[in-house]
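A short write-up of the structure that comes next.
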Amino acid sequence: ATAAYDDGNIFARILRGEIPCNRVFEDAHALAFHDINPQAPHHVLVIPKGRYVSWDDFSARADDAEIAGFVRAVGHVARAAGLVAPGYRLLANVGRDAHQEVPHLHVHIFAGRPLGPMLA
Ligand code: 5GP
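This is the structure:
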């Protein structure tokens, strides 16, 4: 079960243009912008335009076109930034124990330094 979507969350407000973001990409399915508190030299967030709380919610409820569009947008953002070599990391936190702070699905893209092993 997934918590109800909160239209007041900060990324919903960014999607509505109520608060600014440093945008790097936008299409019909996705918006990508720089994280306000970057954890790597390159730290971008990619969010779907639909109302999805998390990866769990999105993967269960989104239609195939939304899923394909979002996955391709994540890949496009990484390729466009030249991150494919030497590499980058994708991360999506889901829920409280994973420290998800914003209840709208976001995929983090980290790059620009050696990222080390994944934390447990
Ligand atoms: P989470 O912990 O939910 O996976 O990550 C939320 C991310 O959103 C954090 O890295 C945080 O810095 C970022 N963030 C929170 N509020 C804003 C905002 O208003 N603008 C931008 N660009 N990033 C934000």
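The opening position of the sequence shown corresponds to residue 5 in UniProt numbering, with each subsequent residue numbered one higher.
A virtual CB, placed ideally from N, CA and C, is assigned to each residue, including glycine.
Predicted model only: the values in this text are computed from it and were never measured.
Considering just the uninterrupted stretch of the alpha helix (DSSP H) at residue i, what are its terminal residues?
i: residue 80; result: 68 to 84
i: residue 125; result: Given a span of 5 to 124 for the chain in the structure shown, any question on residue 125 remains unanswerable.
i: residue 93; result: Taken as a continuous stretch (DSSP letters only), residue 93 belongs to no alpha helix (DSSP H), being part of the beta strand (DSSP E) at 93 to 95.
i: residue 17; result: 14 to 19
DSSP on residue i, reduced to helix/strand/coil?
i: residue 100; result: helix
i: residue 61; result: helix
i: residue 5; result: Reliability of the predicted coordinates at residue 5 is poor, the pLDDT of 47 falling under 50, and the value obtained from them is presented with this limitation in mind. DSSP places residue 5 in coil when its eight states are reduced to three.
i: residue 105; result: coil
For the beta strand (DSSP E) containing residue i, name the first residue and the last one.
i: residue 129; result: The requested residue 129 does not occur in the structure, where the chain is confined to residues 5 to 124.
i: residue 126; result: The structure shown has nothing for residue 126, since the chain only spans 5 to 124.
i: residue 30; result: 27 to 30
### Message
Between the region 68 to 76 and the region 33 to 43, can you find at least three pairs of beta-carbon atoms closer than 8 angstroms?
### Response
yes
### Any heavy atom of the ligand 5GP nearer than 7 angstroms to the CB - residues listed
14, 18, 23, 25, 26, 37, 38, 39, 40, 41, 43, 49, 97, 103, 104, 105, 106, 110 and 112
### Query
Would you call the region 85 to 94 and the region 110 to 117 touching, i.e. three or more CB-CB distances under 8 angstroms?
yes
### Query
Is the number of C-beta pairs between the region 43 to 55 and the region 14 to 21 that are closer than 8 angstroms three or more?
yes
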